[in-house]
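Heads up, the thing below is written out as structure tokens.
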Amino acid sequence: MTTNPTTPLLELKHVSTIVNAHTPNETKILNDLNLEIFPGDFITVLGANGAGKSTLFNVIGGNLNADQGDVLLHGKSIKHESEEQRTRFLARVFQDPKLGTAPRMTVAENLLLAAHRGQQRRLVFRQLRRHLADFKAMAATMNNNLENRLSTATGDLSGGQRQALSFLMAVESKPELLLLDEHTAALDPKTSQQLMQATNDRIASDRLTCLMITHRLEDALIYGNRLIVLTDGKITFDVRGEAKKQLTREQLFTFFEDL
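Under the UniProt record's numbering, the sequence shown has 250 at position 250, and the numbering climbs by one with no breaks.
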């Protein structure tokens, strides 16, 4: 589909999610939240624990239904679509390196599986060998020796290599929307930095639209063209472009001082 950069790719309109509904303990995790995501946006998402960041991703990804409001893709409601249906346009990388990969399958087999994300499944010969050169080149972009472990069972990889594989699987089919759910949080600082740089390079080269949850203020400042802050289920700060470039760590820290 041809997209207009001035027209939202995805919209959340007055979205609320409610737990313990109709009881004295009723709580809105997302509270009348509105968000427009435009093609090419790379949005870093900040917020304290319990602010609603993961719930936001779950509503976008279809893991959780919005109790109120609507979710629109190219102007059409997808509120009632399942998580599986949304894989046609969306991919997600989680914080835990063990999620998103099949541990008993090799690196190459996982990449082949990801190549068919969102497609109708049918019985065909997998033709793995003819993909190996492409998979090797793809894995080499991660700069962590993953290209030399294509025949290794994924469960035998290091945490950093397995998370790199999860990222490659997510972006292999160039999804319209990529969700990165603290995908470097479980890694050591050096491995985290390597993955973040590879992430940024791939998003730029493939012109992907991406939301990335992070607790690292430095990453929120360095990466992306846009930054949003969630507080009590609402977006309380939304900045992009040159205004984002002028932000400092101290300014961002003020959003957390009274929490």
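All C-beta atoms, glycine included, are put in the ideal place defined by N, C-alpha and C.
| Item | Value |
| --- | --- |
| So, with DSSP's three-state summary, where would you put H131? | helix |
| Take Q127 and list the residues in its own chain whose beta-carbon comes closer than 6 Å to its own, dropping the five residues that flank it on each side. | none |
| Under a three-way DSSP split, which group does K76 fall into? | strand |
| Checking 8 Å against the spacing of the C-beta atoms, do V59 and L90 come in under that value? | no |
| Do R139 and L112 have their C-beta atoms within less than 8 Å of each other? | Per the sequence shown, residue 139 should be read as Ala rather than Arg. Not closer than 8 Å, so no. |
| Please classify V19 as buried or exposed, where buried requires at least 16 other C-beta atoms within 10 Å of its C-beta. | exposed |
| Tell me the residue span of the alpha helix (DSSP H) that contains R149. | No alpha helix (DSSP H) holds R149; DSSP gives it neither H nor E. |
| Pairing CB atoms from the segment 73-92 with CB atoms from the segment 29-46, are three or more of them under 8 Å? | no |
| Would you say T66 and K79 are within 8 Å of each other, going by their C-beta atoms? | In the sequence as displayed, the identity of residue 66 is Ala instead of Thr. Yes. |
| Count the other CB atoms, across all protein chains shown, that sit within 10 Å of the CB of I235; report buried if there are 16 or more and exposed otherwise. | buried |
| Along the alpha helix (DSSP H) that carries L112, what are the first and last residues, could you check? | V107 to A115 |
| Look at H183 and Q197 and say whether their C-beta atoms are less than 8 Å apart. | no |
| Between G241, P24 and T44, which lies nearest to D219 when the distance is taken from Cα to Cα? | T44 |
| Is DSSP giving T17 helix, strand or coil here? | strand |
| Please list the terminal residues of the continuous alpha helix (DSSP H) segment that includes F167. | G159 to V171 |
| Which two residues bound the contiguous beta strand (DSSP E) that contains G47? | F42 to G47 |
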